[in-house]
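Please read the structure below before turning to the comments.
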Amino acid sequence: MFSRLMRGLQAILFRRLSVIMKPKVIFVLGGPGAGKGTQCSKIVEVRKEKNQ
Numbered sequence: 055m056f057s058r059l060m061r062g063l064q065a066i067l068f069r070r071l072s073v074i075m076k077p078k079v080i081f082v083l084g085g086p087g088a089g090k091g092t093q094c095s096k097i098v099e100v101r102k103e104k105n106q
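Following this line, the structure appears as structure tokens:
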């Protein structure tokens with residue numbers, strides 16, 4: 055019984071960790087000079103603030 059409970063808890067933990075650890079991919083599209091680099095820099099700064 056205890057081992058079954060532990061396996062269930064491990065499965066739940068694994069699912070939650072896989073969601074947390076999953077990388078996020080953001081595509082920034084636009085023509086030359088549209089400000090893609092500027093927007094990417096802003097995204098990086100916002101993400102850093104949220105992760106600290």
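Sequential numbering of the sequence shown, starting at 55, is according to my numbering.
Glycine is no exception: its CB is placed at the ideal position from the N, C-alpha and C atoms.
Note that the coordinates shown come from a computational prediction; the quantities given were computed from them, not determined experimentally.
*From this set, A88, P77, G84, which residue's C-alpha is nearest R101's C-alpha?*
Taking the sequence shown and counting its residues from 1, the one referred to as residue 101 is at position 47. The shortest C-alpha separation from R101 is found at P77.
*To the nearest whole angstrom, what separates the beta carbons of I80 and I66, a pair I think is in contact under 8 Å?*
For the purposes of this step, residue 80 is identified with residue 26 of the sequence shown, where counting begins at 1. For the purposes of this step, residue 66 is identified with residue 12 of the sequence shown, where counting begins at 1. Rounded, the Cβ-Cβ distance is 29 Å, inconsistent with contact.
_For S65, the three-state DSSP class (helix, strand or coil)_ = Within the sequence shown, residue 65 is the residue found at index 11, counting from 1. It should be noted that the sequence gives Ala, not Ser, for residue 65. The answer is helix: DSSP assigns A65 an H, G or I state.
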